[in-house]
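Quick note: the first sequence uses UniProt numbering, first residue 1, plus one each step.
We put the CB at the ideal spot given by N, CA and C, even for glycine.
Structure first, commentary second.
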Amino acid sequence: MSIAKTYNPKEAEDKWYSYWMENGFFRSTPDEREPYTIVMPPPNVTGVLHMGHMLNNTIQDVLIRRARMQGKNACWVPGTDHASIATEAKVVAMLKEQGIDKKSLSREDFLAHAWEWKEKYGGIILKQLEKLGASCDWERTKFTMDADLSESVIDTFIKFYEAGYIYRGVRMVNWDPQGKTALSDEEVIRKEVNQKLYYIRYQIKDSNEYLVIATTRPETIMADAAICINPHDERYQHLKGKTVIVPLVNREIPIIEDEYVEMEFGTGCLKVTPAHDLNDYELGQKHNLEVIDILNDDGTLNEKALILIGEDRFIARKKIGKLLDEAGNIEKVEDYKSQVGFSERTDAAIEPKLSMQWFCKMEKIAKPALDYVLSGEVNLFPDKFTSSYKHWMENVKDWCISRQLWWGQRIPAFFNEKNEWVVAKTEAEALAKFEEQGKSTAGIRQEEGVLDTWFSSGLWPMSVFDGVRNPENEDFKYYYPTNDLVTAPEILFFWVARMMIMGHEYTEKAPFKNVYLTGIVRDKLGRKMSKSLGNSPDPIQLMEEYGTDGVRVGMLLASPAGNDLMFDVSYCEQGRNFANKIWNAFRLVKGWEVSDEAASSAQESAAIWFENRFNQAVVEIEEHFNNLRLSDALMATYKLVWDDFCAWYLELVKPAYQQPIARAAYEQTTAFFERILALIHPFMPFLSEELWHDEIFGERTEKDCAIVAEYPKINPFDEVIIKEFALIKQVISEVRNIRNAKGISPKVALPLAINEAASIDYKKFVDCITKIANVSEITFVTEKIAGATSFLAGKDEFYVALENNIDVEAEKERITKEIDYLQGFLKAVSAKLTNERFVQNAKPEIVQNEVNKKEDAEAKIKTLQENLASL
RNA sequence: GGGGAAUUAGCUCAGCUGGUUCAGAGCAUCUGCCUUACAAGCAGAGGGUCACUGGUUCGAAUCCAGUAUUCCCCACCA
């Protein structure tokens with residue numbers, strides 16, 4: 001039966017994934033082996049697989065598969081994140097499409113809808129990871145709102161509260177008027193926006209004089225509490241202590257002085273609006289100003305605005321602009337660019353807003369998390385992120401952890417009718433606490449808000465093993481701390497830092513040893529791949545087209561650690577071609593008949609060489625993995641397979657057309673091939689597994705699979721053999737070159753002669769050379785062959801004696817060129833050696849090296865000159 | 001404004017504590033080949049003042065300073 005000429009991945013992919021599942025190869029339970037653990041950064045439950053996930057999870061799968069093959073107890077825990085605001089926004093949108101307004105629903109009803117939605121769509125992304133070959137322990141799949149994980153979150157809140165890390169207070173927060181919730185600083189994205197800078201005239205009381213103030217937000221004038229000038233501003237000295245009238249609403253406000261105001265900016269006068277700007281708020285605190293909040297939670301104006309009540313803030317802005325203009329209060333309007341904050345999740349413009357929120361004090365708890373990284377207990381790859389991590393951790397601000405949402409873990413705090421409150425796990429406990437404190441228990445109700453998603457994902461490496469509630473359980477003790485964490489640098493502070501903080505608070509250990517920060521996947525133009533730009537290929541389609549193994553290889557080839565990945569499908573093509581190359585090598589071996597003849601000398605030499613070359617490559621690959629340089633590890637593997645195994649080894653051992661191969665050579669070849677399959681398995685799980693089971697590799701039992709094959713171990717290798725063979729390869733290349741240059745068909749055998757006094761024993765390799773280079777015979781000579789083409793000047797000189805078709809002029813030119821080059825080289829080396837300071841200062845071995853180079857060059861020049869003369 | 005990083009072949013990147021495994025790899029390009037595993041292939045070849053300017057040194061892609069350009073993070077002027 002003939003085998004397809006190209007590898008067809010589809011069939012293998014479906015077949016082997018379910019086979020692995022059925023045989024429980026992904027499962028992990030504690031045993032006496034060394035554990036190797038990765039917790040998957042949980043994708044949002046709302047998500048679908050994009051290129052970022054693809055890269056991220058490919059890396060994790062490579063690491064976990066390799067560890068598994070190395071005999072470790074490999075455990076990869078998958079799961080999803082409830083992503084409170086993102087999910088809630090999606091559910092609200094979905095309900096809206098069905099004509100249901102969130103406001104019309106009770107909390108319970110809304111949550112019922114949300115859970116239903118989660119059950120329906122929540123598993124999509126994990127299902128897609130199967131296509132990628134992800135070898136997670138699916139039975140351990142967790143969701144950040146699973147009952148046990150939620151309880152861990154609540155317990156942590158209480159623990160932190162009791163430790164004094166959590167407090168409640170009115171602060172200026174980032175308010176998302178669309179999500180109607182507070183956000184942490186990290187959830188706000190700054191973007192540059194074209195705005196209008198309005199210059200507004202405020203009349204000074206009891207005077208005809210006006211003050212002019214520049215602002216981008218005229219709708220907030222109704223919330224003005226003061227006008228601020230710089231005390232050193234010459235222009236405004238006469239205004240000190242006076243008051244002005246706010247236009248339209250005719251309210252009187254004082255003029256205050258503070259050096260915070262920049263005299264150069266705008267008019268040098270600043271309107272102070274404590275309720276709607278962080279800096280103004282601080283200024284207001286300092287000067288005891290009234291706080292007038294004119295906005296509702298949804299961004300519309302409230303009755304305190306006095307005018308335009310109920311109008312949206314952006315519509316109000318335009319209308320106020322017009323009203324002011326009509327009232328003659330606009331001096332001018334300029335175009336102006338400034339940075340405006342937007343909600344990461346809803347993309348609504350952020351409104352700084354005063355509100356009562358829960359906060360986590362960061363200064364103290366951040367310290368150990370910083371130390372883990374600085375001391376090297378946790379390694380960041382690449383380590384260039386260490387400095388920005390340090391900077392961030394040293395300047396960390398308190399973290400707003402409450403969100404005015406429903407989807408998430410509800411804050412365990414209870415209020416009584418007098419708005420007094422206690423932190424308690426249950427209402428019963430809360431009642432008891434109120435009573436203990438002698439406070440009223442009437443009208444008891446739980447805090448409405450939920451906790452920031454990152455508060456729960458911070459616990460992830462612990463909570464997936466139930467380590468928060470039950471630290472003595474076997475899983476937690478065995479798997480924690482985990483080994484490697486693979487994630488995006490964008491969430492280094494959001495998430496990675498918080499995991500370290502929480503891990504330390506509970507266990508005094510960092511939750512992982514290595515953090516591999518992947519790059520951002522960008523398109524050819526350098527733009528981040530995103531759904532909204534539509535520049536991201538669908539990973540599922542890519543896998544259909546190029547095969548999963550091809551895409552995995554493509555992603556990794558293009559992504560050195562920490563570098564952004566300029567994605568292009570050509571990488572997938574390269575991956576696919578590589579899979580096909582291996583497939584065809586298999587096809588070659590598969591087609592061989594075996595005979596009982598003895599192996600040839602070429603086959604024996606090739607086997608000795610490849611054994612050493614293989615071991616050398618394994619060492620290189622090991623080093624790359626130790627430094628988490630996956631793309632380099634893959635490239636080293638790629639070259640070993642393609643160049644060394646296919647292009648050299650197989651060519652050398654391959655029998656003549658339709659001839660059988662010696663049994664010894666055959667067995668050696670399949671043994672090498674099998675080791676190669678093991679080596680590529682982490683990168684190309686499907687192809688390797690497919691081939692692993694072919695009969696050429698012998699009988700396999702049910703559980704004898706590539707996925708659990710032994711990963712090649714470090715073995716010693718002989719560099720001399722590798723060097724000798726490099727010379728042989730060079731000889732063969734030279735012969736091919738001569739053919740190419742002279743247009744001699746590969747079918748015409750060439751006679752070759754070699755100096756008998758050569759530096760290595762070429763006799764051993766005569767077979768190798770004749771076989772691949774199609775040389776008729778190799779003779780050993782003691783003297784130059786006059787008029788022959790020569791190469792490898794010096795002791796190892798070779799001659800190709802061509803009959804009547806040597807181009808004397810061309811040959812002369814070639815040799816002259818080479819002599820010129822060597823003489824230049826010699827000159828440079830000699831200059832070094834005659835430089836006394838070099839000889840004195842440089843290390844002896846370096847000087848000796850130069851001496852050797854000089855002698856070698858001189859010898860080569862001598863033989864080349866002889867050749868020239870003989871022509 | 002504060003902090004971090006980058007600049008090496010057409011592209012994506014390696015080049016550790018300065019010295020022949022220092023100018024490399026893969027892809028792309030070009031030239032031959034439908035050679036009996038593979039044209040998704042085979043055999044060859046051509047591409048770089050290592051951003052610029054100085055400095056240190058016997059010696060600099062590598063160390064130092066400055067310049068230019070680019071990127072990322074943080075904070076922001078109303």
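- prompt: Under a three-way DSSP split, which group does residue 879 fall into?
  reply: The requested residue 879 does not occur in the structure, where the chain is confined to residues 1 to 871.
field: Residues near methionine 1 by beta carbon distance below 6 Å, same chain, minus five either side
entry: Position 1 of the first sequence, counted from the start, is the residue given in the question as residue 1. A caution first: methionine 1 carries a pLDDT of 49, below 50, which makes its placement in the model unreliable, though a value can still be read off. The beta carbon of methionine 1 lies closer than 6 Å to none in the same chain, with the five residues before and after it left out.
message: So for methionine 502, helix, strand or coil by DSSP?
response: Taking the first residue of the first sequence as position 1, residue 502 is located at position 502. In the three-state reduction of the DSSP assignment, methionine 502 falls in the helix class, which pools H, G and I.
- request: Determine the extent of the beta strand (DSSP E) in which glutamate 472 is found, giving its start and end residues.
  value: The residue labelled residue 472 in the question sits at position 472 within the first sequence. Looking at the DSSP string, glutamate 472 is not in any beta strand (DSSP E), and its letter there is neither H nor E.
query: In whole angstroms, what separates the C-alpha of leucine 451 from that of serine 402?
result: For the purposes of this step, residue 451 is identified with residue 451 of the first sequence, where counting begins at 1. For the purposes of this step, residue 402 is identified with residue 402 of the first sequence, where counting begins at 1. Straight-line measurement puts the Cα of serine 402 at about 5 Å from the Cα of leucine 451.
query: Rounded to the nearest angstrom, how far is the Cβ of glycine 443 from that of glutamate 417, given a contact under 8 Å?
result: Indexing the first sequence from 1 puts residue 443 at position 443. Indexing the first sequence from 1 puts residue 417 at position 417. Under the criterion of beta carbons closer than 8 Å, glycine 443 and glutamate 417 qualify as touching, at roughly 3 Å.
query: Can you tell me whether DSSP reads arginine 66 as helix, strand or coil?
result: Walking along the first sequence from the start, residue 66 turns up at place 66. Three-state DSSP puts arginine 66 in a helix.
query: With distances taken between CB atoms, is the gap from valine 39 to valine 77 smaller than 8 Å?
result: In the first sequence, residue 39 corresponds to position 39, counting from 1. In the first sequence, residue 77 corresponds to position 77, counting from 1. Using a Cβ distance threshold of 8 Å, valine 39 and valine 77 count as a contacting pair.
- prompt: Alpha carbon to alpha carbon, how far is threonine 346 from phenylalanine 672?
  reply: What you label residue 346 is simply residue 346 of the first sequence in a count that begins at 1. What you label residue 672 is simply residue 672 of the first sequence in a count that begins at 1. Those two C-alpha atoms are separated by around 55 Å.
Burial state of isoleucine 292, where buried means 16 or more other Cβ atoms lie within 10 Å: Your numbering for residue 292 matches position 292 in the first sequence. Classification for isoleucine 292: buried.
field: Contact the region 569-585 vs the region 604-614: 3+ CB pairs below 8 Å
entry: Flag = no, the region 569-585 and the region 604-614 do not touch.
- request: Look at the alpha carbon of lysine 240 and the alpha carbon of phenylalanine 265, and state the distance between them as a whole number of angstroms.
  value: Mapped onto the first sequence, residue 240 falls at position 240. Mapped onto the first sequence, residue 265 falls at position 265. A direct Cα-Cα distance of roughly 19 Å separates lysine 240 from phenylalanine 265.
task: Could you name each continuous alpha helix (DSSP H) segment of 4 residues or more that falls completely within the region 241-327, going from the start of the chain to the end?
output: Those alpha helix (DSSP H) runs which fall completely within the region 241-327 and span 4+ residues are 278-287 and 313-326.
query: Which residues in the same chain as tyrosine 19 place their Cβ atom closer than 7 Å to its Cβ, once the five residues preceding and following it in sequence are excluded?
result: The residue you call residue 19 lines up with position 19 of the first sequence. Here the set comprises nothing.
task: For the alpha helix (DSSP H) containing alanine 430, list its first residue and its last residue.
output: The count along the first sequence starts at 1 and reaches residue 430 at position 430. In this chain, the alpha helix (DSSP H) harbouring alanine 430 covers 427-436.
- prompt: Start and end of the beta strand (DSSP E) containing cysteine 75?
  reply: Within the first sequence, numbered from 1, the residue matching residue 75 stands at position 75. Looking at the DSSP string, the run of the beta strand (DSSP E) that includes cysteine 75 is 73-77.
query: Does the Cβ of tyrosine 167 have 16 or more other Cβ atoms within 10 Å, making it buried, or fewer, making it exposed?
result: Translated into positions along the first sequence, residue 167 becomes position 167. It is exposed - the Cβ of tyrosine 167 has fewer than 16 other Cβ atoms within 10 Å.
message: Would the region 351-358 count as touching the region 174-181 if we require 3 or more Cβ pairs under 8 Å?
response: Yes: at least three Cβ pairs fall under 8 Å.
- request: Can you tell me the Cβ-Cβ gap for residue 900 and valine 618, rounded? I've got them flagged as a contact below 8 Å.
  value: Outside the displayed span of the chain (1 to 871) sits residue 900, for which this structure offers no information.
field: Three-pair Cβ contact test at 8 Å for the region 157-166 versus the region 374-388
entry: With fewer than three CB-CB distances shorter than 8 Å, the region 157-166 does not count as touching the region 374-388.
message: So for phenylalanine 838, helix, strand or coil by DSSP?
response: Position 838 of the first sequence, counted from the first residue, corresponds to residue 838. Note: phenylalanine 838 maps to helix in three-state DSSP.
Cβ-Cβ distance between glutamate 447 and phenylalanine 493 below 8 Å: Locating residue 447 in the first sequence gives position 447, counting from the first residue. Locating residue 493 in the first sequence gives position 493, counting from the first residue. Not a contact, by the Cβ cut-off of 8 Å.
task: Output yes or no for whether 8 Å exceeds the beta carbon distance between asparagine 379 and asparagine 577.
output: Looking up residue 379 in the first sequence gives position 379. Looking up residue 577 in the first sequence gives position 577. No; because the gap between Cβ atoms is not below 8 Å, this pair is not in contact.
- prompt: Which word fits phenylalanine 567, buried or exposed, when buried means at least 16 other C-beta atoms lie within 10 angstroms of its C-beta?
  reply: If you number the first sequence from 1, residue 567 lands on position 567. Counting every other CB atom within 10 Å of its CB across the protein chains shown gives phenylalanine 567 a total of 16 or more, marking it as buried.
message: Taking 8 Å as the threshold (C-beta atoms), are phenylalanine 625 and glycine 133 in contact?
response: Translated into positions along the first sequence, residue 133 becomes position 133. Translated into positions along the first sequence, residue 625 becomes position 625. Inclusion of glycine 133 and phenylalanine 625 in the CB contact set at 8 Å is not warranted, their separation being larger than that value.
Neighbourhood of tryptophan 399 by C-beta, 7 Å cutoff - its chain only, sequence neighbours within 5 removed: Taking the first residue of the first sequence as 1, we reach residue 399 at position 399. Around tryptophan 399: Ser184, Phe359, Cys360 and Met362.
task: Could you say which of Glu620, His693, Leu792 and Leu677 lies nearest to proline 716 if we only look at CA atoms?
output: For this step, residue 716 is matched to residue 716 along the first sequence. Considering only alpha carbons, the answer is Glu620.
message: Can you tell me whether tyrosine 711 is helix, strand or coil according to DSSP?
response: As a working mapping, residue 711 is identified with position 711 in the first sequence. The three-state secondary structure of tyrosine 711, taken from DSSP, is coil.
- request: Determine the direct distance from the alpha carbon of glycine 458 to that of valine 272, and round the result to whole angstroms.
  value: One-based indexing of the first sequence puts residue 272 at position 272. One-based indexing of the first sequence puts residue 458 at position 458. C-alpha separation (whole angstroms): 38 Å.
message: Using 8 Å for Cβ pairs, my map puts threonine 243 next to lysine 205. What's the rounded Cβ distance?
response: For this step, residue 243 is matched to residue 243 along the first sequence. For this step, residue 205 is matched to residue 205 along the first sequence. The C-beta distance from threonine 243 to lysine 205 rounds to 5 Å, short enough to fall under 8 Å.
task: Could you give the DSSP three-state label for glutamine 339: helix, strand or coil?
output: Residue 339 sits at position 339 when you count from the first residue of the first sequence. DSSP, read as helix, strand or coil, puts glutamine 339 in strand.
query: phenylalanine 791 and glutamate 866: beta carbons closer than 8 Å?
result: If you number the first sequence from 1, residue 791 lands on position 791. If you number the first sequence from 1, residue 866 lands on position 866. No.
query: Tell me the DSSP bridge mates of arginine 522?
result: In the first sequence, residue 522 corresponds to position 522, counting from 1. Answer by DSSP bridge pairing, in chain order: Lys528 and Met566.
field: Local Cβ density within 10 Å of lysine 10, reported as buried at 16 or more and exposed below that
entry: For the purposes of this step, residue 10 is identified with residue 10 of the first sequence, where counting begins at 1. By the C-beta density criterion, lysine 10 is exposed, having fewer than 16 other C-beta atoms within 10 angstroms.
- prompt: Would the beta-carbon of alanine 275 fall within 8 Å of that of proline 254?
  reply: Against the first sequence, residue 275 aligns to sequence position 275. Against the first sequence, residue 254 aligns to sequence position 254. No.
query: Among Lys191, Ile738 and Ile661, which one has its Cα closest to the Cα of phenylalanine 342?
result: In the first sequence, counting from the first residue as 1, residue 342 sits at position 342. The residue with the shortest Cα to Cα distance from phenylalanine 342 is Lys191.
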